[in-house]
Structure formats: structure tokens, C-alpha cells
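Sequence order for the protein chains is U and S. Per the numbering used here, the very first residue in the first sequence carries number 1168; after that it's consecutive. Per the numbering used here, the very first residue in the second sequence carries number 186; after that it's consecutive. Virtual Cβ for every residue (Gly too), placed ideally from N, Cα, C. Please read the structure below before turning to the comments.
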Amino acid sequence: MLGVVIRIVGDRGIAEDIIHDAFVSIWNKAHTFDAQRGSGKTWIFSVTRHLALNHVRTRHREVTVDDDTAERLDAERSQEAATDTQDHFDWLGHGELDRCLGQLAPERRNCLFHAYVDGFSHQEIAARLDRPLGTVKAWIKRSLAALRECLS
Amino acid sequence: MTDHLEPLSPLGPDETDDLAGEYVLGTLSAERRDAVEHRLAHDAALRTAVWSWESRLQPYTALAEPVEPTPHLWQRIERSLDHQDGPVSTLPADRSPSRNTLWERLWDSVTVWRGVSFASVLAVAGLAAMLALAPSSAPSSRYLVVLMTPQHTQAGWVVEASSSQQLSLIPVGTFEVPPGKALEFWTKADDWSGPVSLGLVQPGESQQLSLKNLPPLEDNQLFELTLEDATGSPLDRPTGPIQFIGRAVEL
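Written out as C-alpha cells, the structure reads:
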């Protein structure tokens, strides 16, 4: 659990604060009835990850670039960059989503895992992959739709 | 894609699922995350979509390398739980204004508290004392398990492992055991051939258990409570239906 949070917030001290807050929150809310909750394990991870994500998104709120800046950055990033065929994550063999994830191109899987595991924003993923912001946003949206279709 | 989410704008099924997926992935801005979290309170379809994505993606949290917490972290959590349990443990007769508010809020929440006995509330409070008395120099491997009904509709118990060989089973709701029956507690690690009984459990009562005859507790270890005959399962495995189930999460 601590490793998951450190990966998102990038700081051990802050991560320990978040684990502390998450566990106290889970403890206090365990008795509340919620028919829409996943398994207990999923719930523990969910509460903790979202505290971590709220922390990094709130901290970066002020540096969110406006649309003009985003367009300029996009123009600087090559639309013709070589397609990245390498997976950045050793994702196979972890869950039931494997089969559907396997149908996505590696670059699109990389987008999903840089978001889910690293807690990267759209902009951070665009910078990491050297792809335009709009492309990354569209890839993620389409990947989620493809996963939904594959699962149905 | 707009950067702002109208709080009450209706969403189609695909829009709901897209929004839920991006929320769980973590790509939304602080403003949109905030809007989703407010919307979750009254949008059942969005809630269902979020939990579906949470359940599908959760196994991939394993892609982050594990990091060993310092013993100090668990001590902090113990101290906080110690303080948190105070108001709930206070009987209604002993009311300060703030306790009054909390107590009444809990009491009025009928769906939450229907059938919850005072005994179980007091038993939860008993955790505070147990945690305070626990040795503070224990190793740093700590585990938390939330045991839910098999349909994930309600949490019934929390297991808190203060070390890999000692655990506390604490009720967070009540369970009516039919006459002639009993609740039996089981555990199974991923590579064990079958579950091992940890004994019978009294509903509404906290229990401390030693695992000293078992291998150390491990991540993802399964815990379950099954309904058995009053003397427990006649076999070395569960024979009755599962009432509560959950897996260990390592701190």
C-alpha cells in the first residue's frame, strides 16, 4: 500500500500521512452501509489512492496550463514521433483485464498505466511520451471505451 | 472535453462510464475530481461505474514496487484510532454538545444502525484499549482486512493485524446467528491447499487471535466467516455458507 502511494505522490513523508488518513477514514466508515462498494480490499485501495490523487491534483492545480499554452506545447511535440512499441509496465498476469488490455497498442497501455500507477495527469503523460496533449486525451478516452466494449 | 463538469447535468451511460474510468485512472483535474466526488453522493449509476473500474483496475496496483513502512507509521495510526473511537463509545446519557451531534447523526441514520447493538459499538471502542496495550516495538508488517458480505453490500468485521502472527477481529455491525448455529473464522493464504479454522466467533465481540501455529500472515491472505453448527464445522474445512469475506492489504 505504501509503495502505491509513494509512486503517486513521490514523497515518503506525504505518503505516510496519506496512509494514516486513509486507514483512520476506513476505520471510521467501515460501519456505514454502501451497497455500491467493491470488495473490502478494493475499498481500502480506492480510499487510499483517491486521497493520494486529490493531493497531487490539488497541489498542481495552479500550474495547469491553459489551452493556448497546451496548443503551443503540442506544436512543439512531433506528431510524427516514432511509435513506441515498448511496454513501460510489466502489466501481464495481474488481473482479469489482461485479455482486454492485450488488445490495445503498447503506447495506449502505457498511457493508462502512467495514469493509474504513476498518478500522471494528461499533461504529464503527454510530456513523458512526447505526444500532443489532445492525442493523449483521445487515446485514453478511446482506450477506456475499447476496454468497456471488450468486457461487455 | 470541457474542464468543468456541471453538477447536475445528466449523463448518458457511456459518458458516465468514461467519467468514472477517468476518475479512477486519476487523469481528471482537481476541479473535475471534486465535481465527481460530489456527484457520487446522489448518482447511483456513476457510483456503480466507479466501483466497476475500481474492481477491474485494483489488481494492477501491484505494478508499484512495495515499500516497507516505518514502525512509526502504525504507531501513529494506533494513536489516532485510540482518539477517534471516543465519541462513539460514549453512552447517550453522557452528552457533550459535540457528542450529542455525532451520536444523534449516527442514531438517526437508520439504514446504518438498524440492528446494531450497543454491545458491538462498545466492542469497537474496546479496540482503543487493545491498541493502546499492544507492544509498540512490533515489526512493521501490518495488515488491514475489511470483511464484507459476499455480495459486497455491507462490511461486518475488520481484521487488524498488529504483527504477522497476532490479529484482532473487530465487529462493525451485528449478525444474528440462528439457533443451533455458530460463526466460524477461517483463513487461507494464496498457496495453501485449503482454509484453516481460527475458531468460533461471538457476534458483536472483539477477539484477539494468535497465529503462532500458522505461517506468518501475508499480503492478499483470505479471511472468511462461515455459518456452521454450534460446535463448529465437523470437517477440516468450511461446510456452511460464507457470511463475510475479505483479503488482507499490507500497510
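Measure the C-alpha to C-alpha separation of residue i and residue j and round it to an integer number of angstroms.
i, j, result
"residue 197/S", "residue 258/S", "43 Å"
"residue 1299/U", "residue 1259/U", "27 Å"
"residue 1286/U", "residue 377/S", "34 Å"
"residue 1182/U", "residue 1169/U", "7 Å"
"residue 435/S", "residue 1218/U", "17 Å"
"residue 201/S", "residue 230/S", "7 Å"
"residue 203/S", "residue 1312/U", "7 Å"
"residue 1208/U", "residue 1235/U", "42 Å"
"residue 254/S", "residue 348/S", "13 Å"
"residue 395/S", "residue 386/S", "14 Å"
"residue 208/S", "residue 1175/U", "15 Å"
"residue 413/S", "residue 367/S", "5 Å"
"residue 1214/U", "residue 422/S", "33 Å"
"residue 264/S", "residue 389/S", "23 Å"
"residue 374/S", "residue 363/S", "29 Å"
"residue 380/S", "residue 1302/U", "49 Å"
DSSP has residue i in a bridge; who is on the other side?
i, result
"residue 333/S", "340/S and 430/S"
"residue 361/S", "DSSP output for residue 361/S lists no bridge partner at all."
"residue 370/S", "384/S and 410/S"
"residue 346/S", "328/S and 352/S"
"residue 435/S", "328/S"
What is the DSSP secondary structure of residue i, reduced to helix, strand or coil?
i, result
"residue 281/S", "Here residue 281/S scores only 34 on pLDDT, less than 50, and its place in the model should not be relied on; the value that follows carries that caveat. Of the three classes helix, strand and coil, the one that applies to residue 281/S here is coil, per DSSP."
"residue 408/S", "strand"
"residue 254/S", "coil"
"residue 199/S", "helix"
"residue 392/S", "strand"
"residue 1212/U", "helix"
"residue 1259/U", "coil"
"residue 1291/U", "helix"
"residue 1299/U", "coil"
"residue 238/S", "helix"
"residue 1236/U", "helix"
Count the other CB atoms, across all protein chains shown, that sit within 10 Å of the CB of residue i; report buried if there are 16 or more and exposed otherwise.
i, result
"residue 424/S", "exposed"
"residue 384/S", "exposed"
"residue 228/S", "buried"
"residue 372/S", "buried"
"residue 398/S", "exposed"
"residue 194/S", "exposed"
"residue 369/S", "buried"
"residue 251/S", "exposed"
"residue 416/S", "exposed"
"residue 332/S", "buried"
"residue 336/S", "exposed"
"residue 242/S", "buried"
Next on the checklist: Closer than 7 Å between beta carbons: that is the criterion. Which residues of the region 1275-1308 of chain U meet it against chain S?
Outcome noted: 1279, 1280, 1282, 1283, 1284, 1286, 1288, 1289, 1304, 1307 and 1308
Checklist entry - Which of the residues in the region 241-270 of chain S, read from start to end, lie with their CB under 7 Å from any CB of chain U? => result 241, 242, 243, 244, 245, 246, 247, 248, 249, 250, 251, 252, 254, 258, 261, 262, 265, 266 and 269
Checklist entry - Along the region 1189-1200 of chain U, what residues have a CB closer than 9 Å to any CB found in chain S? => result 1190, 1191, 1193, 1194, 1195, 1196, 1197, 1198, 1199 and 1200
Item to check | Chain-ordered residues of the region 194-207 of chain S with a beta carbon less than 8 Å from chain U | outcome: 199, 202, 203, 206 and 207
Checklist entry - Taking Cβ-Cβ distances below 7 Å as the criterion, which residues of the region 1211-1225 of chain U are in contact with chain S? => result Going along the region 1211-1225 of chain U in chain order, one finds 1211, 1212, 1213, 1220, 1221, 1224 and 1225 with a Cβ nearer than 7 Å to chain S.
Checklist entry - Quick one, which residues of the region 368-381 of chain S are near chain U if we go by CB-CB under 9 Å, in chain order? => result none
Next on the checklist: So if I threshold CB-CB distances at 8 Å, which residues from the region 1251-1265 of chain U count as touching chain S?
Outcome noted: 1256, 1257, 1258, 1261, 1262, 1263 and 1264
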